[in-house]
Amino acid sequence: DIDGVGHKFYLELELEDVLDKDRTVNCTAEVLYPLGSKSCAPDVQLTVQGELRGTEEADQEFYSRIRSLEKELVAENIPDSHGNVPPELEPIHLLAWVASGYVIWQSSTENTHFHLAQVKHVKQVKRSDEDLQFDYVLLLHEMVSQEVLAREVTVLWHPGRGARLSR
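Heads up: the sequence shown begins at 1 in full-length UniProt numbering, then just goes up one per residue.
Structural data, given as structure tokens:
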């Protein structure tokens, strides 16, 4: 506890590379939950020791595949009711996972524990610039209350600039 400021936690974590499950890096984090404000995201300071594998080649392959589609991508229920994610939708699921991390960070309190349960719906939106745009409906499972919350998120993505959320 920090008097008049909030509650600070020190964490030691091992991060797993989502593309190479055998590769991990250690990290430490300081998380400060401010007192009295449920609308204020916690302050997170993160230090990563080491590097995860680069994704440039996979990113470019995904980008080229999506840009070459004749019709906009539309998908539902990722993963399906058996926990399966079709290989061609894995990058879409990973982008949803990144977006959910931001939503979870913004919504977190000391008494919540969110998890991305499912991409209920995703639709690609054609753009005139180089970015790919995906409009998601994400289902977040709040483990403490057992509530499932639907959140709409728009993700802009380009292999050279990474993911950005616009709502």
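Ideal Cβ placement from N, Cα and C applies to all residues, glycine included.
In this structure, Ala99 and Tyr136 form a Cβ contact; the two beta carbons are roughly 6 Å apart against a cut-off of 8 Å. Note on Arg65: under 16 other CB atoms within 10 angstroms of its CB, so exposed under the neighbour-count rule. By the beta-carbon neighbour count (other beta carbons within 10 angstroms, threshold 16), Leu140 is buried. When only Cα atoms are considered, Tyr33 and Leu52 end up about 28 Å apart.
Within the segment 77-139, the runs of beta strand (DSSP E) that reach at least 3 residues and sit entirely inside it are, in chain order, 114-125. For Ala58, the enclosing alpha helix (DSSP H) covers residues Glu56 to Arg67. Three or more Cβ pairs drawn from the segment 149-157 and the segment 97-113 lie within less than 8 Å of each other, which places the two stretches in contact. DSSP places Val18 outside any beta strand (DSSP E), giving it a letter other than H or E. Shortest Cα-Cα distance from Glu56 to any of Tyr10, Glu88 and Leu19 involves Leu19.
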